[in-house]
Amino acid sequence: MSNRPSRIALLACAGVLTTISSAALSSHAHAQDAGSTPRPVDVTDAAHARPHDGDKSGDIVVVGHPPTDYGLLAATASIAGDALVAQTRGQIGEILNTLPGVSSTSFSPGASRPVLRGFSGDRVSVLTDGIGSLDASNVSVDHAVVFDPLTVDHIDVFHGPSVLLYGGNAIGGAVNAIDKRIPRQVPDRITATGIGSYATAADERALSGAIEAPLGDRFVAHVDASWRKADDLRIGGNVYSSALRGDMLHAAEHLREDGEEAEAVELETQAGARKRLANSAARTKTIGAGIAFIDAGGSLGISYQHYDTKYGVPSRPETGHGHGHDHEEEEEEEGHAHEHGDVTIGLKQDRFDLRGELKLSGLFESVQVRGAYADYEHTEFEGDEVGTVFEGEGLETRLDLVQANNGGWRGRSGVQYLWRSLTVTGPEAVVPDYEIDRIGFFTLQSLDIGSGITFDASGRYDSSSIRSRGAGFDKGFDLWSGAFGASWKSGAGFSVGANFIHGERAPSPEELLSDGIHIATQSYELGDATLGKEKSNGFEAYLRYNTPVFDFALTGYLTDFDNYIAPLATGAEQEGQPVYQYTGVEARFKGFEASGSVRAAAWDSGELRFDAAADYTHAQIKGYGPVPRIPPLRVRGGSAVTLGEVRVRGEVEWNARQDRVGDYENPTDAFTLVNLSADWHPLGDAGPVTLMLSANNLFDVIGRRSTSFTSDFVPIAGRDVRLTAKFTY
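Count the sequence shown with mature numbering (1 follows the signal peptide of the UniProt record, and there is no 0) and you get residues -31 to -1, 1 to 698, in order.
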């Protein structure tokens, strides 16, 4: 790899460290000269404050104002506390898919990325503390997100104008995980947290621990580690969908006609596979450490994380049906697969983060800086043999200038820089090596004019360039995005608002430069180097009502695209696979999210509450047909009762049939899940011990996610009884 990003990272970090350290220490010295006594300060800023108004069930929160607390009325949800611990899975997509408007790519148990309102990939930003994951998860659906749920404090989902703080590409929204590696306050004493869990669906075992220790009055150190191991996933019935089983049995008939009896029997046996998803095991281990200086004048912290995972990639059986294979090609490919064995992916990342804040006075409240540098390696193995290798480096930095509240006017403005490189070698090198350079300038402003009326506006400009020396490609894009919103909130808990958002996104390197077979998507992908920027105009409207007894939230949205970049089937085939050409088309996404709850009864030690939620997305490419892999209508209803230190919840979730599918996709059947859970705080709600027991998919049904490329051969987990214990000191 080039030494260029390493030098940039070191220089950037050194410069930021020097500047903020000098300012913070100068402020500290001035305070001492003035005779002030330093005290431990909580530096949790507005961007990481917990939401406090909205529909709260456990610690799943649907809020009218996002956790950034900029006064923007946006369709935002959060998951934290006991709910996050109970929902912890290996990938962030599986953690969030219970939230309204959120689904997941569900490629495999080891690789799952969030889908927001039908958008995924490059249109959804996955962030850690406001900085991108700096991995290759947006390059391909079989690539895992570098994410450690066992060290996360809370996760926020953003839509609306506030998304422009994190990048113009995030047309679908942003997911921001706030971790604990860089401490935000100096504790009075050493604190420790430990979490252990076991789940039956994959014999999953997970352990994590974290310790924070004060080092004097102004310094605090943090260390953490986690380990997770899961075997092959148990499922509720047939591995393969009825459509794929039909293709397999049809192919077996042809093999038998050609005298290949042994191969025919083998394929028929495979078609009948049930109850266990082969090659779906995963293991992950992480270590991390951080240290921070915190006082009344500001803070400065750094952290390090090592992430190491290996997971299986379930494979689609070769049937040749609809792909133009003749039997000779089919036998050759199947023989190749048997020779090399199962496909697994080994992924490692080393990441360094920096966060600093300098308190100001006057017009500006503070200046905040964030940065991260990551070195990434991802190896795809065929049995014991090395297949394709992805090597990447990334550097991302941002500086935010936060305005003080001035007569109801507040906001923040800043600059953000991203550099990322990716080198791909091996048989699945679908894209050439490339580099991305992007610098962006943004502002987000909010004006409260009184009587509960607030106006919000945001704007962003990005200059983005993509270079590939191997392909002789160098192209730049000027991207302009903006949003305007208005909201009204009554004193009785009622609020209403609307946002208009214009977004511009540069094509990804994969959309521009792909040329080859992509095994994960079972297709031959062709990029288009002439593609221009993708433009969208979106409108959102919100209605909320929130009281201690009853709350309700309804969001409707509509987004029109000019030059929506999508892989469209050409009808041709290349090397036995259907050819998909990335093409700019007109498209429309529309849908709604609704949620609500009512307190049916209350007493001194608890309450009985009923809740419900629903979401739906309809997406259409003009003159072509449905946008592929869109989630269906989903409806969920539940009830929870709190009895002192015990909370018990039951819920039913119905997922409709999805028959609005793209080329070479099969419809997914409707399915219904029944889930039960119980939380117990044996030493009181504020005590150091929490025990959780849950039974997900209680009746062991088969379900398939329409958002997944692998829906025909990777169903959801079967009955999963999960026991979790959390200890704090």
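Where is the CB? At the ideal position from N, CA and C, for every residue including glycine.
Bear in mind the structure is a predicted one, so any value in this text is a computation, not a measurement.
Of the residues the options, the one placed nearest residue i, counting alpha carbons only
i           : options                : result
L416        : Q372, G163, G361       : Q372
A194        : G215, T162, R203       : T162
G50         : S677, G672, A655       : A655
D369        : A475, G310, R214, L413 : L413
F640        : W623, N506, G631       : W623
V658        : N644, A625, T637, K695 : K695
K504        : N515, P476, D638, T67  : P476
P69         : A250, E404, F521, H275 : F521
Q154        : I263, L134, R243, T67  : I263
A221        : A498, A233, P636, D580 : A233
residue 715 : E326, G215, T253, T169 : The question about residue 715 has no answer here: the residues shown for the chain are numbered -31 through 698.
G270        : E326, N665, A571       : E326
S268        : F188, L602, G137       : F188
F519        : V554, F410, V567       : V567
A538        : P517, G594, K559, G560 : G594
residue 702 : G377, R438, K458, V384 : Outside the displayed range of the chain (-31 to 698) lies residue 702, so it cannot be described from this structure.
G242        : I260, L218, Y430, D227 : At residue 242 the sequence reads Ala, which differs from the Gly that was named. Comparing Cα positions, the closest option is L218.
Residues near residue i by beta carbon distance below 6 Å, same chain, minus five either side
i    : result
A258 : V192, Y273
Y648 : The question names Tyr, but residue 648 in the sequence shown is Asp. So the qualifying residues of the chain are D51, R616, M661.
D529 : N506, R557
F446 : S433, A475, K502
G136 : S94
D344 : D319, E362
L602 : Y585, A625
Contact belief for residue i with residue j at Cβ below 8 Å, rounded distance in angstroms
i           : j    : result
S102        : V95  : 5 Å
Q60         : I48  : Not really, about 14 Å apart at Cβ, beyond 8 Å.
Q627        : S675 : 4 Å
V610        : L577 : 5 Å
residue 737 : A535 : The question about residue 737 has no answer here: the residues shown for the chain are numbered -31 through 698.
G672        : R367 : Rounded, the Cβ-Cβ distance is 39 Å, inconsistent with contact.
G496        : E480 : 6 Å
G266        : K317 : Not quite, the Cβ-Cβ distance comes to about 38 Å (not below 8 Å), so this is no contact.
F682        : P78  : That belief does not hold up - the Cβ atoms of F682 and P78 are roughly 13 Å apart, past 8 Å.
L645        : A664 : 5 Å
S382        : F359 : Rounded, the Cβ-Cβ distance is 35 Å, inconsistent with contact.
I256        : K279 : At roughly 16 Å, the Cβ-Cβ gap does not stay under 8 Å, so I256 and K279 are not in contact.
S210        : N635 : 6 Å
S437        : P401 : 5 Å
Rounded straight-line distance, which links the Cα of residue j to that of residue i
i    : j    : result
L500 : F442 : 13 Å
A139 : A455 : 21 Å
R605 : V621 : 6 Å
L692 : G281 : 24 Å
L236 : K198 : 30 Å
F88  : S73  : 10 Å
T423 : V312 : 53 Å
D689 : R203 : 9 Å
G361 : I164 : 32 Å
G340 : K591 : 41 Å
G545 : E287 : 11 Å
Y514 : A461 : 8 Å
H587 : I599 : 8 Å
A582 : T392 : 43 Å
D2   : Y698 : Bear in mind that the predicted position of D2 carries a pLDDT of just 43, short of 50, making it too unreliable to give a figure here.
R629 : Q589 : 9 Å
E230 : R214 : 18 Å
P183 : D322 : 20 Å
G363 : H275 : 15 Å
A686 : E63  : 11 Å
S390 : G142 : 24 Å
D186 : I151 : 16 Å
Y585 : W449 : 29 Å
R429 : Y551 : 26 Å
T637 : E334 : 52 Å
Chain-order list of residues whose beta-carbon lies under 7 Å from that of residue i (same chain, five-residue window excluded)
i    : result
K149 : T120, D122, A179, H191
L612 : S574, G575
V114 : Q60, I61, R82, V95, S102, D104, S106
G356 : E349, F350, G395, P396, E397
E555 : F530, D531, Y533, K591
Cutoff 8 Å; reference residue i; Cβ partners in own chain excluding five residues on either side
i    : result
P130 : L41, A43, L413, D425, A426, S427, A452, F453, G454, N468, I470
D201 : A171, R245, L246, A247, N248, S249, A250, G281
V144 : I61, L65, P83, L85, V93, S94, V95, L96, I124, D125, V126, F127
L332 : Q372, A373, N375
Inset, instruction - Kindly confirm or deny that the segment 481 to 490 and the segment 395 to 404 touch, where touching means at least three C-beta pairs closer than 8 Å. - result: yes
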